[in-house]
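Worksheet: the structure to be examined is printed underneath.
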Amino acid sequence: MKLVTAIIKPFKLDDVKDSLKKLGIQGLTVTEAQGFGRQGGHTEVYRGAEYTVDLVPKIRIDVVVDDSIAAEVVETIVESGRTGKIGDGKVWSVSVDEMVRIRTGERGIEAV
Amino acid sequence: MIAVTNIPYPSWLNTGDNTWQLVSATFVGLMSLPGLAVLYGGVVQKKWVVNTVLMAFTGFSTVLIVWVLWGYNMGFGNPIGGGGGTGIVHFFRDMIGMPHPITSHFAEQNQAVSGANTLIPFHFPTATLAYFQFVFAAITPLLFLGSVIGRIKFKAWLILVPLWSTFIYSVDAFLLWGGGYFAGQGAVDYSGGYVIHLSAGVSGFVAAWVLGPRLKRDREHGVPNNLLMAAVGAGILWLGWNGFNGGDPFYAGIDAASAVLNTNVATAAALLTWLLMDMWFSSQKKPTFLGAVNGMICGLVAITPSAGWVNGYGAVIVGVAASGVVWVAWNYLSKVRPFSKVDDALGVVYTHGIAGLLGGLMVGLLADPGMIQYGVTGKSYNGPGSFSIDGLFYGGGFHQLWEQFRAAIWVIAFSAIGTYILLQLVKLICRGLRENDETLMVGDLAIHDEEAYPRETFAERIGGMGSYDLERESS
Chain A
355 MKLVTAIIKP
365 FKLDDVKDSL
375 KKLGIQGLTV
385 TEAQGFGRQG
395 GHTEVYRGAE
405 YTVDLVPKIR
415 IDVVVDDSIA
425 AEVVETIVES
435 GRTGKIGDGK
445 VWSVSVDEMV
455 RIRTGERGIE
465 AV
Chain B
68 MIAVTNIPYP
78 SWLNTGDNTW
88 QLVSATFVGL
98 MSLPGLAVLY
108 GGVVQKKWVV
118 NTVLMAFTGF
128 STVLIVWVLW
138 GYNMGFGNPI
148 GGGGGTGIVH
158 FFRDMIGMPH
168 PITSHFAEQN
178 QAVSGANTLI
188 PFHFPTATLA
198 YFQFVFAAIT
208 PLLFLGSVIG
218 RIKFKAWLIL
228 VPLWSTFIYS
238 VDAFLLWGGG
248 YFAGQGAVDY
258 SGGYVIHLSA
268 GVSGFVAAWV
278 LGPRLKRDRE
288 HGVPNNLLMA
298 AVGAGILWLG
308 WNGFNGGDPF
318 YAGIDAASAV
328 LNTNVATAAA
338 LLTWLLMDMW
348 FSSQKKPTFL
358 GAVNGMICGL
368 VAITPSAGWV
378 NGYGAVIVGV
388 AASGVVWVAW
398 NYLSKVRPFS
408 KVDDALGVVY
418 THGIAGLLGG
428 LMVGLLADPG
438 MIQYGVTGKS
448 YNGPGSFSID
458 GLFYGGGFHQ
468 LWEQFRAAIW
478 VIAFSAIGTY
488 ILLQLVKLIC
498 RGLRENDETL
508 MVGDLAIHDE
518 EAYPRETFAE
528 RIGGMGSYDL
538 ERESS
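Residue numbers (this note's numbering), protein chains in the order written: chain A, 355 to 466; chain B, 68 to 542.
Below is the structure:
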């Protein structure tokens, strides 16, 4: 099993989610995240006082998949999450040793 | 038996006037609660919401108790020295009204009178007038709350507000409205540009200086927690001002209508002025919502001293001039001493102090003698002539401007010195005016055991009120 994690632009969530569903992915976890990369931050002004905000809001997607489709999942996220502009985010995957469905106790790929 | 019809209206009572006065008073009350409470509560950091809002609610409460027991008559009762006399003796002997309560059945229900010889008799009872005047007394300390948030001890606030209301507000109210020296000399303040806004701006600035700045971290990271709440508060302030200025002719007539319209015209002009200046001259060149709110407040404050005495053109000029000047002060004067050395947290000295001063002076320029405040004829009218003000631009000469200037100097000096002395007194009583730094780091949770946005998931009930249910289920 592989854990695929993607950091994407928030407004790209629907595109990425839909294309993963089309691929047959049965579940994923989405988290609102803050981060910085080459995109850098932005400035906000409240009553004339300027603030720099280094961290940019992102969406983090975590999905565990079978080894056989992991590469395809990564590719799908890259394609559906891309705008071509700076700040599109990253995708990576790591190996997963153990997985348990809490309700039933099923283990391994059955639990995905 | 003979049927008796009791009409519950004494001959002096006018139901329209009484209704409008009570409605106006309620509007002005809403400007404090929730208006200012949520405007300030929305603009402060997340960790200061509860503290800010609770100080607003307690300030409102303490002023009301003071008001009915002695404050109202200090501001609007009979002069303490009995009136008469001239010059400096008269000034200090008759600086305030004789303090006594208005809580008896007679005091509440008789026809309202004022220590000042008003041009028309009031057509409603003292309870109406006292409540109307109370909501003005109450909002004044709540305005300068914006200067001292984020470090003042809660206990110090509880003690400062009744003292300030008694010794500062009552005196200025009496001198300008209650028939004291400046009123006698001809200085005017339609609804409180001086008594309320200039005084609050100066007092807040002095208090911020005495208290010292907020924590460095708070100043560096002090972003608002909820702009939508700030929008709700700002909107209530604007429309609430219809009562603020519309109630001050004390009758539901023509001048009340003019005052309401002029107030809104000046405010719209001021909001747009600040917005455009932000778009053209600020370093970011962007329109900002909180900038527009600042402009809105400048307009509301600046039209307050003149609302029913200027015409519509005057109202536009008041709005544009006040907003433009305060914008420049906000962006440039704030970098010059003493402004650069005092942490006036929400900038009350600019949007209330400077705007109130400008508005008060503009009465001396823009008041139109054709705008008649009292012009009742017929048998219900028992005073001399109608009342209006003529400013410099309407052939009135420099007299009015000079009186406005002298009254402003008094309000600035008295509010500054008086607030300084009261703060030293409160400092002695409370052993310091500031919460300690550890408390300031935490904010609401450390002071009140409450936070504005608690998270249910992380909170588990361990006791307190209603703990019966918990015990029963665990046994």
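Positions of the beta carbon are idealized from the N, C-alpha and C atoms, including for glycine.
In terms of residue numbering, what span does the alpha helix (DSSP H) encompassing H172 of chain B cover?
Within the second sequence, the letter at position 105 stands for residue 172 of chain B. Its alpha helix (DSSP H) spans residues H172 to Q176.
How should P75 of chain B be labelled, buried or exposed, when 16 other C-beta atoms within 10 angstroms of its C-beta is the threshold for buried?
The residue you call residue 75 of chain B lines up with position 8 of the second sequence. Exposed, by the Cβ-count rule.
Residues bridged to F211 of chain B by DSSP?
Your numbering for residue 211 of chain B matches position 144 in the second sequence. According to DSSP, F211 of chain B bridges with nothing at all.
Would I235 of chain B and G531 of chain B qualify as a contact pair, given that the criterion is a beta-carbon distance under 8 Å?
Your numbering for residue 235 of chain B matches position 168 in the second sequence. Your numbering for residue 531 of chain B matches position 464 in the second sequence. Result no, Cβ atoms of I235 of chain B and G531 of chain B do not sit closer than 8 Å.
In this structure, how does DSSP classify W446 of chain A when only helix, strand and coil are distinguished?
Numbered from 1 along the first sequence, position 92 holds the residue referred to as residue 446 of chain A. In this structure, W446 of chain A counts as strand in the three-state DSSP scheme.
What separation, rounded to the nearest whole angstrom, lies between the Cα atoms of W305 of chain B and L512 of chain B?
Numbered from its first residue, the second sequence carries residue 305 of chain B at position 238. Numbered from its first residue, the second sequence carries residue 512 of chain B at position 445. Approximately 32 Å between the Cα atoms of the pair.
With 8 Å set as the bound, which would you pick, yes or no: does the beta-carbon of T355 of chain B sit closer than that to a beta-carbon of chain A?
Taking the first residue of the second sequence as 1, we reach residue 355 of chain B at position 288. Residue-level contact check: T355 of chain B touches chain A, since one or more beta carbons of chain A fall below 8 Å from its beta carbon.
Below 6 Å CB to CB, which residues in the same chain sit around S401 of chain B once its five sequence neighbours on both sides are set aside?
Stepping through the second sequence from its first residue, residue 401 of chain B is reached at position 334. None.
Rounded to the nearest angstrom, what separates S447 of chain B and L243 of chain B at their Cα positions?
Against the second sequence, residue 447 of chain B aligns to sequence position 380. Against the second sequence, residue 243 of chain B aligns to sequence position 176. With a pLDDT of 41 at S447 of chain B, under the threshold of 50, the modelled position of that residue is not reliable, and the figure given next carries that caveat. Near 26 Å, if we compare the C-alpha coordinates of L243 of chain B and S447 of chain B.
Restricting to Cα atoms, I'd like to know which of B:D315, B:P354 and B:F143 is closest to L342 of chain B.
By 1-based counting over the second sequence, the position of residue 342 of chain B is 275. Closest by alpha carbon: B:P354.
Per the DSSP calculation, R501 of chain B is bridged to which residue(s)?
For the purposes of this step, residue 501 of chain B is identified with residue 434 of the second sequence, where counting begins at 1. Answer is B:I219, bridged to R501 of chain B.
In this structure, how does DSSP classify F143 of chain B when only helix, strand and coil are distinguished?
Translated into positions along the second sequence, residue 143 of chain B becomes position 76. The three-state reading of DSSP puts F143 of chain B in helix, counting H, G and I together.
Between A526 of chain B and I263 of chain B, what straight-line distance do the alpha-carbon atoms span, to the nearest angstrom?
Translated into positions along the second sequence, residue 526 of chain B becomes position 459. Translated into positions along the second sequence, residue 263 of chain B becomes position 196. Taking the straight line joining both Cα atoms gives about 43 Å.
Return the chain-ordered list of same chain residues with a C-beta closer than 7 Å to the C-beta of C497 of chain B, the five sequence neighbours on each side being excluded.
Numbered from 1 along the second sequence, position 430 holds the residue referred to as residue 497 of chain B. Excluding residues within five positions, the ones whose Cβ falls inside 7 Å are K220, K222, A223 and I226.
Which residues mark the beginning and the end of the alpha helix (DSSP H) in which H396 of chain A is found?
Locating residue 396 of chain A in the first sequence gives position 42, counting from the first residue. Not the alpha helix (DSSP H): H396 of chain A falls in the beta strand (DSSP E), residues H396 to Y400.
Of all the residues that make up the segment 393 to 406 of chain A, which are near chain B by a beta-carbon distance shorter than 8 Å?
With the criterion set as a beta carbon lying under 8 Å from some beta carbon of chain B, the members of the segment 393 to 406 of chain A are T397, E398, V399, Y400, R401, G402, A403, E404 and Y405, in sequence order.
DSSP puts D416 of chain A in a beta bridge; with which residues?
Within the first sequence, residue 416 of chain A is the residue found at index 62, counting from 1. In DSSP, D416 of chain A forms a bridge with A:T359 and A:T383.
Counting only the same chain and skipping the five closest in sequence on each side, list residues whose C-beta sits under 7 Å from that of D416 of chain A.
Here the question's residue 416 of chain A lines up with position 62 in the first sequence. Within the same chain, D416 of chain A has close Cβ partners L357, T359, L382 and T383.
Compute the distance between the beta-carbons of G362 of chain B and T340 of chain B, then report whether it is under 8 Å.
Numbered from 1 along the second sequence, position 295 holds the residue referred to as residue 362 of chain B. Numbered from 1 along the second sequence, position 273 holds the residue referred to as residue 340 of chain B. Cβ atoms of G362 of chain B and T340 of chain B: closer than 8 Å.
Tell me the residue span of the alpha helix (DSSP H) that contains A543 of chain B.
For residue 543 of chain B there is no data in the structure shown, the boundaries of chain B being 68 and 542.
If we cut at 8 Å on Cβ distances, does V290 of chain B have a partner in chain A?
Within the second sequence, numbered from 1, the residue matching residue 290 of chain B stands at position 223. Chain A contact via Cβ: present.
Run the CB neighbour count on A403 of chain A, radius 10 Å, all protein chains shown included, and call it buried at 16 or more, exposed below.
Locating residue 403 of chain A in the first sequence gives position 49, where the first residue counts as 1. Under this definition A403 of chain A is an exposed residue.
Would you grab the beta carbon distance between L80 of chain B and F191 of chain B for me? Rounded to a whole angstrom, and I think it's under 8 Å.
Indexing the second sequence from 1 puts residue 80 of chain B at position 13. Indexing the second sequence from 1 puts residue 191 of chain B at position 124. That belief holds up - the Cβ atoms of L80 of chain B and F191 of chain B are roughly 6 Å apart, short of 8 Å.
Does the separation of the CB atoms of S373 of chain B and A434 of chain B fall below 8 Å?
Here residue 373 of chain B corresponds to residue number 306 of the second sequence, with the count starting at 1. Here residue 434 of chain B corresponds to residue number 367 of the second sequence, with the count starting at 1. Yes.
Taking DSSP as the reference, what is the three-state secondary structure of Q471 of chain B?
Taking the first residue of the second sequence as position 1, residue 471 of chain B is located at position 404. Of the three classes helix, strand and coil, the one that applies to Q471 of chain B here is helix, per DSSP.
Touching or not, the segment 361 to 369 of chain A and the segment 405 to 413 of chain A, by the rule of three or more beta carbon pairs under 8 Å?
yes
So with Cβ pairs under 8 Å, would you call G445 of chain B a contact of chain A?
Taking the first residue of the second sequence as 1, we reach residue 445 of chain B at position 378. Residue placement at G445 of chain B is poorly supported in this model, since its pLDDT is 42, which falls under 50; the coordinates still yield a value, given next. By this cut-off, G445 of chain B is not an interface position.
Would you mind telling me which residues of chain A sit closer than 7 Å to W397 of chain B, beta carbon to beta carbon, in chain order?
Counting from one through the second sequence, the residue named residue 397 of chain B turns up at place 330. Within 7 Å Cβ-Cβ: G402.
Looking at the structure shown, is N449 of chain B part of a helix, part of a strand, or coil, going by DSSP?
Along the second sequence, one-based indexing puts residue 449 of chain B at 382. For N449 of chain B, the predicted model reports a pLDDT of 46, less than 50, meaning its position is unreliable and no value from the coordinates is stated.
Go through its chain and collect everything with a Cβ distance to D369 of chain A's Cβ below 8 Å, but skip five positions before and after it.
Reading the first sequence from its first residue, position 15 is the one you call residue 369 of chain A. The beta carbon of D369 of chain A sits closer than 8 Å to the beta carbons of S434 and G435 from its chain, once the five residues preceding and following it are set aside; these are given in chain order.
Where do the N-terminal and C-terminal ends of the beta strand (DSSP E) with E404 of chain A fall, by residue?
The residue given as residue 404 of chain A occupies position 50 in the first sequence. Here the beta strand (DSSP E) through E404 of chain A covers A403 to V407.
Taking only beta carbons into account, state which residues of the segment 398 to 427 of chain B come closer than 9 Å to chain A, listed in chain order.
N398, S401, L413 and G414
As an exercise, report each continuous alpha helix (DSSP H) stretch of at least 4 residues that is fully enclosed by the segment 213 to 268 of chain B, in chain order.
221 to 231, 237 to 243 and 248 to 252
Opposite V410 of chain A in the DSSP bridges: which residues?
By 1-based counting over the first sequence, the position of residue 410 of chain A is 56. Bridge partners of V410 of chain A: A:G389.
Using a 10 Å radius around the Cβ and a threshold of 16 neighbouring Cβ atoms, would you call E502 of chain B buried or exposed?
In the second sequence, the residue the question calls residue 502 of chain B occupies position 435. Buried, because 16 or more other Cβ atoms sit within 10 Å of the Cβ of E502 of chain B.
Take the Cβ of F465 of chain B as the centre, count every other Cβ of all protein chains shown within 10 Å, and call the residue buried at 16 or more, exposed below.
Residue numbering aside, residue 465 of chain B sits at position 398 when the second sequence is read from its first letter. Per the 10 Å Cβ criterion, exposed.
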